Structure formats: C-alpha cells, structure tokens
Amino acid sequence: MVKNNIILIGMPGSGKTTVAKELGKILNKKIIDIDEEIEKEAKLSINNIFDDFGEDYFRELEKNMINKISKLNNVIISTGGGAVLNKDNMENLKRSGKIIFLNRSFENISKACHKDRPLLKDNEKKLEDIFNYRQEYYKLYADFTVENNSKVTNVTKKIISLLTSNVIGENEWKF
15 MVKNNIILIG MPGSGKTTVA KELGKILNKK IIDIDEEIEK EAKLSINNIF
65 DDFGEDYFRE LEKNMINKIS KLNNVIISTG GGAVLNKDNM ENLKRSGKII
115 FLNRSFENIS KACHKDRPLL KDNEKKLEDI FNYRQEYYKL YADFTVENNS
165 KVTNVTKKII SLLTSNVIGE NEWKF
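24 is the number that our numbering gives to position 10 of the sequence shown; each next residue is one higher, with no gaps.
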C-alpha cells in the first residue's frame, strides 16, 4: 500500500499548522499536529513538559508519537520544528508520505513565532541560531521545499501542484 501522508516540517512560525488546516479543508484529510497529540497524551503543555522534565524527555515523547502517527495513512501531519533533529523520526515520516519543508525567511519567522516557545523564551539570537542550524536538516529530509512568505492559499496551491505533478506520478499519489 502506498502511504500518502503529507508531512509538513519547518521552523516554529513557518506556518505548518495554518497550512495543514487549509490543506485539510481542501483535500478533506484529517490533520494531526504532533505537538498537540503529545500534549493530549501527556496531559501537559509543551512548555510544562520542557520546564518539568527537560528537552530530552520531550524529544523521547516526540519520537514515540511520530513512530505511532507515521503508521497512519491519508493524513496531514504537522511536526514540531525540532522533529528533524532525530533521524528515526524522519525515516519513519519519509516512509509514510511526502515531506514538505515550509521555508520562510528569518524575518517572517521572527514576527510569527511565539516567543514563549520552550527553546526561544524571548531570545532573538537563540531563534536565529536555531534557524541557521536546522536549515540543513529541513533541506536534507524534504521531498519538496515550498516558500511560505505569501498567502496561505498560494502555499497550499503550490503544495497540491507539486504532489499531483508528473514529478511524483499520478498513479503514486491519490487524494
């Protein structure tokens, strides 16, 4: 069976959740936000998990959730920004569908990013360091890179166009 999940990766503030919701409406697919699923299962916010147990514990929860969710089919998966730091995460996601890197300029990330996120905490320099460090991972694992510096409708149209193009093959991808 061909796995036809759409997996969105990118920095916090890159628009993964917003684009996932729009794609879900257009394609009539269920949306799964990895961070939201972790919060539901842990019965704690991501911030509380980081504060109470640390990043390593969170990354283990994230790895387990991605392993579980990547077994589903025909869903849109919005990952946390750091999911790309774990090779197992990305191999599981790669097997489950096509990975779209939502690339956004640092300036737009900085404006859109919630500064209360655990690794940022109102620290612009830290955000920029994370941005620069993760870029290579996003590019490494992406099947496609889509610039997200315009309206969400333009971004979703571009993603749908890429997924239905001859690059992938019509027999391989079904909506």
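Note that the Cβ used here is the ideal one computed from N, Cα and C, for glycine as well.
Since this is a predicted model, take the numbers as computed values, not measurements.
- For L22, the uninterrupted beta strand (DSSP E) segment begins and ends at N19 to I23.
- DSSP, read as helix, strand or coil, puts N117 in strand.
- By the Cβ neighbour-count rule, R118 is buried, with 16 or more other Cβ atoms within 10 Å of its own.
- In this structure, the alpha-carbon of L75 lies about 7 Å from that of I52.
- Secondary-structure assignment with DSSP links D47 through a beta bridge to S92.
- Apart from sequence neighbours up to five positions away, the residues of its chain that approach N100 with a beta-carbon distance below 7 Å are R73 and K77, ordered along the chain.
- Residue pairing by DSSP places T159 opposite F115 in a beta bridge.
- G38 carries a helical assignment under DSSP once its states are collapsed to helix, strand and coil.
- Judged by pairs of C-beta atoms under 8 Å, the stretch 151-160 touches the stretch 94-114, as three or more such pairs exist.
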